[in-house]
Structure formats: C-alpha cells, structure tokens
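Peer 1:
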Amino acid sequence: MEIKLYDWPRAYGAPLASATFRQQLSDFCVDEELRFEPSGEGAHHLLLIEKRNINTDIVCHKLRRFAEVNPTDIGYAGKKDRFAIARQWFSVQLPLLKEIDWTEFNDDEVTVLKMTRHDKKLRIGAVKQNHFKITLRVISFKEGSDKNSLEQRIAQIQQHGFANYYGEQRFGRNGDNLARGVDLLLANKKLKNRNLQGLLFSAVRSFLFNEVVAKRIEAGQFTELLDGDYVQLDGSESGFTVQDLSQELPRFTAKDIHPTAPMPGRGRSQVLAQAAEFENEVLEPFQPIIDALERKGLNGERRAIRVFPQNVILQWQNENTLELSFSLPKGAFATSLLRELFELNIDKPDTFND
Numbered sequence: 287m288e289i290k291l292y293d294w295p296r297a298y299g300a301p302l303a304s305a306t307f308r309q310q311l312s313d314f315c316v317d318e319e320l321r322f323e324p325s326g327e328g329a330h331h332l333l334l335i336e337k338r339n340i341n342t343d344i345v346c347h348k349l350r351r352f353a354e355v356n357p358t359d360i361g362y363a364g365k366k367d368r369f370a371i372a373r374q375w376f377s378v379q380l381p382l383l384k385e386i387d388w389t390e391f392n393d394d395e396v397t398v399l400k401m402t403r404h405d406k407k408l409r410i411g412a413v414k415q416n417h418f419k420i421t422l423r424v425i426s427f428k429e430g431s432d433k434n435s436l437e438q439r440i441a442q443i444q445q446h447g448f449a450n451y452y453g454e455q456r457f458g459r460n461g462d463n464l465a466r467g468v469d470l471l472l473a474n475k476k477l478k479n480r481n482l483q484g485l486l487f488s489a490v491r492s493f494l495f496n497e498v499v500a501k502r503i504e505a506g507q508f509t510e511l512l513d514g515d516y517v518q519l520d521g522s523e524s525g526f527t528v529q530d531l532s533q534e535l536p537r538f539t540a541k542d543i544h545p546t547a548p549m550p551g552r553g554r555s556q557v558l559a560q561a562a563e564f565e566n567e568v569l570e571p572f573q574p575i576i577d578a579l580e581r582k583g584l585n586g587e588r589r590a591i592r593v594f595p596q597n598v599i600l601q602w603q604n605e606n607t608l609e610l611s612f613s614l615p616k617g618a619f620a621t622s623l624l625r626e627l628f629e630l631n632i633d634k635p636d637t638f639n640d
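Under the numbering used here, think of the first position of the sequence shown as 287, with each following residue one higher.
#1: Helix, strand or coil for residue 294 per DSSP?
#2: Among all the DSSP beta bridges, which residues are the ones paired with residue 419?
#3: Considering only residues of the stretch 439 to 489, which uninterrupted alpha helix (DSSP H) runs meet the minimum length of 4 residues and lie entirely inside it, listed in chain order?
#4: Residues in the same chain with beta-carbon distance under 7 angstroms from residue 599, minus the five sequence neighbours each way, listed in chain order, please.
#5: Considering only the alpha carbon of each residue, which of 479, 374, 312 and 490 lies closest to residue 290?
#6: Using 8 angstroms as the Cβ pair cut-off and three pairs as the minimum, do the stretch 333 to 347 and the stretch 372 to 380 touch?
#7: One question on the structure: do residue 514 and residue 561 come within less than 9 angstroms of each other, judged by their Cβ atoms?
#8: Within 10 Å of its beta-carbon, does residue 635 have 16 or more other beta-carbons around it, so buried, or fewer, so exposed?
#9: Take residue 342 as the anchor and find which of 353, 543, 364 and 331 has the nearest alpha-carbon.
#10: List the DSSP bridge partners of residue 401.
#11: Tell me which residue opens and which closes the alpha helix (DSSP H) that residue 575 is part of.
#12: Check this for me: beta carbons of residue 312 and residue 397, under 9 angstroms apart or not?
#13: If residue 435 and residue 302 are in contact, beta carbons under 8 angstroms, what's the gap, nearest whole angstrom?
#14: Is it the case that the Cβ atoms of residue 439 and residue 614 are separated by a distance below 9 angstroms?
#15: Return the CA-CA distance between residue 495 and residue 432, expressed in angstroms with no decimal places.
#16: Looking at residue 352 and residue 391, is the spacing between their C-beta atoms short of 9 angstroms?
#17: CB-CB under 8 angstroms to residue 381, same chain, minus the five flanking residues each way: which ones, in chain order?
#18: Here's the rule I'm using: 16 or more other beta-carbon atoms within 10 Å means buried, otherwise exposed. How should residue 493 be labelled?
#19: Look at the alpha carbon of residue 349 and the alpha carbon of residue 442, and state the distance between them as a whole number of angstroms.
#20: Can you check which of these residues, 395, 464 and 401, is closest to residue 387 by C-alpha distance?
#21: Using a Cβ-Cβ cut-off of 6 angstroms (strictly less than) and excluding sequence neighbours within five positions of residue 629, which residues of its own chain qualify?
#22: Between residue 331 and the ligand MN, is there a pair consisting of the residue's CB and a ligand heavy atom that are separated by less than 8 angstroms?
#23: Can you tell me the Cα-Cα spacing of residue 518 and residue 446, whole angstroms?
#24: What whole-angstrom Cβ distance do residue 586 and residue 552 have, given they're in contact under 8 angstroms?
#25: Is DSSP giving residue 626 helix, strand or coil here?
#26: How long is the line joining the alpha carbons of residue 395 and residue 316, rounded to whole angstroms?
#27: Does DSSP put residue 412 in a helix, a strand or coil?
#28: What do you reckon, are the CB atoms on residue 535 and residue 511 nearer than 9 angstroms?
#29: Using the C-alpha atoms, what's the distance from residue 477 back to residue 393?
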C-alpha cells in the first residue's frame, strides 16, 4: 500500500495571495512559553536559549558536551524549526553544588538568554503556547483579493478556527518518513533505533489525522459539531463524547470545546453515531495500516481539528512585505495557519525540517 502527501484542502478556500517565506533567518521567529513557573531551586538548570539555524537535537548535543552530562540529563519541551530564530527552554541536571558559567556556552548558533533552576526535568509537552513573528515577502494578491480580503479571512479564522493539520515537516523531507513508516508497519519489522521508529510511526499517524480533517472540510463539516463527536475542552487534552448535540452546540460556538480526529492506535473508539460513521468511512482504506499500528502497541489518541490563533497583529513593512504576529497553543503548526492565507514559496526548503 502506498500513501502520499498532497495539498490538503483549506478550510476557507484558495489562498488569497502568493508569498515568499523564510527568505532570511529572521523571517521566522518563535518564542516558547512554558505552562509552569520555574521553582527557582533544584538540581535542574533551566535555560532559555536562542538558537539560530540549528536544530533542537544539536543544541542538546552541545549542552551535553559543554556540561559533561549524559543525554538523559538534558530536557526540552518541544522541537523548534532549524531555519529560524527560536527561543526555547532546556533543562540540564547537575549536582546541586556544581556551578556553571553559562555565558561560556554562547557561540554563533546559540545564546543563553536566561538561567534559573527547577526541581524537575523539562518534559515534552510542557509548552503552554508559542509566540510567532513571521515576515512574508514578495506578496502578490490573486485576482479579486487585496489587503481587505486578507483581514476578512483572518477574522473568519478567528471566529471558526483554522485546520489543525500537521505541517509538512512532520513527514520528513519529500514525505520520506511517511513512506518509510508505512513500509515498516506493513512489513511488520522493527528498527534498532527506537527514536527513529517512533518518528516514522508518528508520521503515519499524523497523515491519518490529516486525512480525517481533510475529508471533514470537503464534506462541509469543519465548522460544525457532529452528533457523537469526541470533543476536547479548550486548553486541555481532557474531553468527552457528545451525547446531546443541542446541549453542546452553545459550548462549541463559544469555543469552549473542539471536535477531534484520531491518531489511530489501540483502544476503544471514542466517537459514536454520525461522527463514528464518518471516521470509519474515511479510514476504511487504511485499515491494514491501522491494524499494524495496533499490533505495534501504540495507543490511540485524539487531537483537536481546529485552532484559534491569539494576539494576531498585521504590520505592513511596505506594499508587498508583511510582518504577521500571532500565538498558537502547543502542537499547532504556524505553517498550517499561513497556508490558509497564502500560497507559500519557501526559499530554504533544505532547512525547513528540524
């Protein structure tokens, strides 16, 4: 079985303009906000590091060598893109009495902006939200569209959300991780490198999630709540199955709850009625892959299908250059918002993936 990436349908129609993306390193800036306040004490040095044109794994390697610690002593809350100016937190576990001058860690690629202490290692998922500042250049509006159209599209997104697709970087360069993951699953093989295997399986599950979201958009049901939907509470991974559609519609409209789509794996399906019928129909062609995921022991998960950007600010630098700032919750991709607005021409495709 062969599955390939394609141009997922957009929630609100075709892009309004073309734009050049990532022409310069400073065109993509992201600041990570943790979901907790550091305790200020403990064995874990908590570092806010600005990284430039370097991926998160390499920063971890540099930290390990500099601090002379084991890989398991390093923690981070989430990976950030390579070709960007990204400010993110890392933790380094050291003996309580050991002191390090972290300014000596600084070089052309990394700068320690802040250091504090914490009593726990930083774990994946400890991000509350990410704050983006993105510069889009050489913007050319399509026929019938203009700056007012762009503002109207953004207002539409703020009212109904944008499709919470996994971005292309999730699937590896040219979708290689997706293809390798499918081959590995259907051949019922294992890799010695468990981290790589997890990455490949994650690409497959992300594709299946995107496929359900795409078909929901095509069915005209992206901005609707379905009977039997499994919904997540806003800002939480907790949720419930919709039993009474009329009762939950006001909460859906108020953005208190969000429909979800599956990251397939083991466990009982959490959707019922109309939502279950819809998902089963979409995923039926991929059942051999889903069966293989279950055999590998991966547990099924759910992810919200819509995201609402916060703190959206548009600043035109000139007639065809826009600085767009916004905040997204953890796990949401900035490129998934941008593609609802623009047809993106990425200047640095070889450095797009972390």
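C-beta: ideal position from N, C-alpha, C; glycine also. In this text the structure is predicted, and so the values were computed from the model without any measurement.
Peer 2: Reading it off the structure:
#1: coil
#2: 315 and 611
#3: 462 to 472
#4: 611
#5: 490
#6: yes
#7: yes
#8: With a pLDDT of 48 at residue 635, under the threshold of 50, the predicted position of this residue should be treated as unreliable, though the coordinate-derived value follows. So residue 635 counts as exposed.
#9: 364
#10: 333
#11: 573 to 581
#12: no
#13: 5 angstroms
#14: no
#15: 33 angstroms
#16: yes
#17: 329
#18: buried
#19: 43 angstroms
#20: 401
#21: 301 and 304
#22: Annotation note on the ligand MN: not contained in the displayed structure, which lists no ligands.
#23: 16 angstroms
#24: 6 angstroms
#25: coil
#26: 15 angstroms
#27: coil
#28: yes
#29: 35 angstroms
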